[in-house]
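Take 133 as the starting number for the sequence shown in our numbering and just add one per residue. Heads up, the thing below is written out as structure tokens.
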Amino acid sequence: MTDASKKLADLTPEQKRALLERLLREKAGAKAEPEFAPLSQGQRALWFLHRLAPQSSAYNLLYSARIQAVLDIPALQAAFQTLVRRYPILTATYSLRDGEPVHVFRQQQEISIERIDATAWSEEALKQRLVEEGNQPFNLEQGPMMRIQLYRCSDQEHVLALIVHHISLDFWSLDILVDELYLLYAARVSGSNVALPASGSFSEYVRWQSELIGGPEGDRSWSYWREKLAGNLPLLNLPFDRPRPPVQTYQGSVHSVSFSPELTASLRDLARSEKVTLFTVVLTAFKILLSRYSHQDDVLVGTPMLGRTRTDLEKIVGYLVNPVALRTSLEGNPGFRELLNRVRVTVSEALEHQDYPFAAIVERLQPKRDPSYSPIFQSLFIWDRPRVRDESNLALLSQNGQNGLNGANGQHSSMPALKLEPYVMGQQGASFDLTLTIFEMNGGLSADFRYNVDLFDASTIERMGQHLLTLLEGIVKQPEQDILRLPLLTEGSEDSSSKSGMLPRLPILSR
133 MTDASKKLAD LTPEQKRALL ERLLREKAGA KAEPEFAPLS QGQRALWFLH RLAPQSSAYN
193 LLYSARIQAV LDIPALQAAF QTLVRRYPIL TATYSLRDGE PVHVFRQQQE ISIERIDATA
253 WSEEALKQRL VEEGNQPFNL EQGPMMRIQL YRCSDQEHVL ALIVHHISLD FWSLDILVDE
313 LYLLYAARVS GSNVALPASG SFSEYVRWQS ELIGGPEGDR SWSYWREKLA GNLPLLNLPF
373 DRPRPPVQTY QGSVHSVSFS PELTASLRDL ARSEKVTLFT VVLTAFKILL SRYSHQDDVL
433 VGTPMLGRTR TDLEKIVGYL VNPVALRTSL EGNPGFRELL NRVRVTVSEA LEHQDYPFAA
493 IVERLQPKRD PSYSPIFQSL FIWDRPRVRD ESNLALLSQN GQNGLNGANG QHSSMPALKL
553 EPYVMGQQGA SFDLTLTIFE MNGGLSADFR YNVDLFDAST IERMGQHLLT LLEGIVKQPE
613 QDILRLPLLT EGSEDSSSKS GMLPRLPILS R
């Protein structure tokens, strides 16, 4: 009798039963998780924010995609069910245990897809419905934490919508889920086998984060953030259309602007010549815009980092994103090039220390807390590169035959065409006073200004969008120009902001 056989024979019936259940869970792709598990630092922050505003949709994530294909609904249902077994966090709920918020992992749950007939709907009506669904609040204690909807526009056209709370997933995790949904669906339809990439447990990430905070790397990062955020932190004083409510609200709306192909090309050329990223160029312009609007030289802007600096974190599904504070001095009316270098250094340092949890920084800094605004920073800058998924994307998951689809003979299988085109997506509500998201897609750039409607009128944000475009045009033409002399208005134009004295100290120059 082998050692393994002897050990198995020595197990009690209860131990054998528990072992069998664990093996069956692992065979189905599920990770063995405790019934209760601690939250990450970021999740704890979202938990407490939800307790303050349980009806808010500010941390709802909406992903929707148009599918141009005849769908096999049972295959789609089965693919989602496999994902739920593989990632217990998709059905975890959140509750208090001994005074601390925790994950609650329940037994296997059946996932349901809400099917909606949208054949008679206009494009506008469909988009409006998606936004409305995306704004429906979640009950973190009862769940479900993921809502799946399928809108049928015709026999060969559908829109798939996933709505989740940020406490469960980030957008990187959504990318993982959709990639694997592709493979699982194709395998089901074609009768092929699928080998999904190995995935880590979110509990492992929580454990790693806790060790980082208490270790020497965490000490070094904390020293950096403590120095960077020392002194009086500036409250971004934008010219609101209404007084700030005594308690922060999360009611949001979005204004979108597009960059011309010529402006996009010029910005790329500028980034290349200055040896910086396009992210840094546009972020610098955004800081100038905020400074011009607020009359402040000390500008703090947050930006989310993926939180996946180690390769073993790349395939974990959960909430790993970590915001960092980018603080830059605009003092002395520097030229754009000089300011660009300041921002470059700021971004480089933040990248080096990005793993230290922002929630822990806030807790240790103990900044002045006011329920009417977010601590540390009140504006956010996001760079997003949405992907169109098709068969070529899936090829990236199949390397050396280790992952991907294989038929009965072990050969790589061609898969049914299933192309998802990004439709309506993004975070709902307004987590901050103002968030600028830059979308880089198909070689072009566009921008979304997400703003708190209890602070700003739509017309104010529309002007701000035009000011940003004009500012960027001025930057690419005169990158050496002092930032106070860069234009915000096009030649011969004026708006109510200049006539009302909204920006009395910093001139709005025409180009």
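Heads up, the beta-carbon is just placed ideally off N, CA and C, and yes, glycines get one too. Source: prediction; values computed, not measured.
Residue i: CB within 6 Å of a non-hydrogen atom of the ligand SAH
| i | result |
| --- | --- |
| aspartate 430 | The ligand SAH is absent from the structure shown, which contains no ligand whatsoever. |
Within 7 Å, strictly: CB atoms of residue i and residue j
| i | j | result |
| --- | --- | --- |
| tyrosine 451 | isoleucine 299 | yes |
| alanine 482 | valine 456 | yes |
| valine 585 | serine 385 | yes |
| arginine 176 | proline 233 | yes |
| valine 475 | threonine 416 | yes |
| phenylalanine 588 | leucine 568 | no |
| glycine 561 | alanine 190 | yes |
| tryptophan 340 | isoleucine 493 | no |
| glutamine 200 | lysine 551 | yes |
| proline 611 | arginine 469 | yes |
| glycine 231 | alanine 491 | no |
| leucine 471 | tyrosine 425 | no |
Best match in the options for proximity to residue i [C-alpha to C-alpha]
| i | options | result |
| --- | --- | --- |
| arginine 440 | Gly434, Ile448, Glu594 | Ile448 |
| serine 335 | Ala224, Glu264, Arg400 | Ala224 |
| isoleucine 615 | Gln560, Gly467, Glu394, Leu422 | Gly467 |
| valine 202 | Glu289, His297, Phe168 | Glu289 |
| asparagine 192 | Glu264, Ser333, Leu228, Arg476 | Glu264 |
| serine 390 | His599, Glu446, Ile221 | His599 |
| aspartate 307 | Glu572, His297, Ser480, Pro518 | Pro518 |
| aspartate 287 | Met596, Ala250, Arg400, Ser405 | Ala250 |
| alanine 171 | Leu309, Ser353, Tyr226, Asn473 | Strictly speaking, residue 171 in this sequence is leucine, with alanine absent from that position. Of Leu309, Ser353, Tyr226, Asn473, the residue nearest in Cα terms is Tyr226. |
| glycine 275 | Ser305, Val236, Leu309, Asp311 | Val236 |
| asparagine 465 | Ser353, Arg617, Tyr337 | Arg617 |
| proline 377 | Asp502, Ala362, Glu255, Asn364 | Asp502 |
| alanine 362 | Ser405, Ala327, Thr460 | Thr460 |
C-alpha distance - residue i paired with residue j, whole-angstrom precision
| i | j | result |
| --- | --- | --- |
| serine 355 | leucine 458 | 16 Å |
| alanine 590 | tyrosine 219 | 40 Å |
| leucine 402 | glutamate 605 | 11 Å |
| leucine 601 | threonine 592 | 15 Å |
| lysine 360 | leucine 497 | 11 Å |
| valine 291 | arginine 284 | 7 Å |
| serine 196 | alanine 293 | 4 Å |
| leucine 421 | valine 413 | 13 Å |
| leucine 620 | serine 324 | 58 Å |
| proline 436 | phenylalanine 303 | 11 Å |
| glycine 575 | arginine 229 | 49 Å |
| proline 329 | threonine 443 | 13 Å |
| tyrosine 583 | phenylalanine 372 | 11 Å |
| proline 375 | serine 504 | 10 Å |
| valine 479 | isoleucine 607 | 20 Å |
| glutamine 239 | glutamate 273 | 15 Å |
| leucine 399 | glutamine 241 | 49 Å |
| histidine 485 | leucine 445 | 16 Å |
| proline 393 | phenylalanine 411 | 17 Å |
| threonine 381 | alanine 169 | 30 Å |
| histidine 297 | tyrosine 337 | 19 Å |
| glycine 332 | lysine 407 | 36 Å |
| glutamate 463 | glutamine 613 | 15 Å |
| serine 305 | isoleucine 570 | 20 Å |
| serine 188 | valine 326 | 39 Å |
Own chain residues within Cβ distance below 7 Å of residue i, not counting five before or after
| i | result |
| --- | --- |
| alanine 211 | Leu313, Leu316, Tyr317, Arg320 |
| leucine 344 | Gly350, Asp487 |
| proline 499 | Leu365, Pro507, Ile508 |
| leucine 258 | Ala250, Tyr283, Val291 |
| glutamate 594 | His387 |
Closer than 7 Å to chain D by CB, residue i
| i | result |
| --- | --- |
| leucine 452 | Of the chains in the structure shown, none is chain D; there is only one protein chain. |
Beta-carbon proximity list for residue i, same chain, < 8 Å, skipping 5 on both sides
| i | result |
| --- | --- |
| proline 366 | Gln428, Asp430, Val431, Leu432 |
| isoleucine 245 | Ile205, Leu208, Gln209, Phe212, Ile280, Gln281, Leu282 |
| glutamine 383 | Gly561, Ala562, Asn584, Val585, Asp586 |
Beta-carbon proximity list for residue i, same chain, < 6 Å, skipping 5 on both sides
| i | result |
| --- | --- |
| arginine 198 | Val291, Glu553, Tyr555 |
| glutamine 510 | Leu368, Phe564, Asp565 |
| serine 506 | Phe564 |
| phenylalanine 513 | Leu415, Phe418, Val433, Thr435, Leu568 |
| glutamate 572 | Arg517 |
| isoleucine 243 | Phe212, Gln213, Val216 |
| leucine 222 | Val216, Met278 |
| proline 639 | Here the model assigns proline 639 a pLDDT of 41, short of 50, so the residue's position is not dependable and the matter cannot be decided. |
| glutamate 167 | Phe237 |
| arginine 247 | Leu282 |
| serine 353 | His485, Tyr488 |
Run through the segment 178–263 for me and flag every whole alpha helix (DSSP H) of 4 or more residues, listed as ranges in chain order.
205–218
Alpha helix (DSSP H) segments (min. 4 residues) lying fully within the segment 316–349
334–346
Run through the segment 429–505 for me and flag every whole alpha helix (DSSP H) of 4 or more residues, listed as ranges in chain order.
468–484, 490–497
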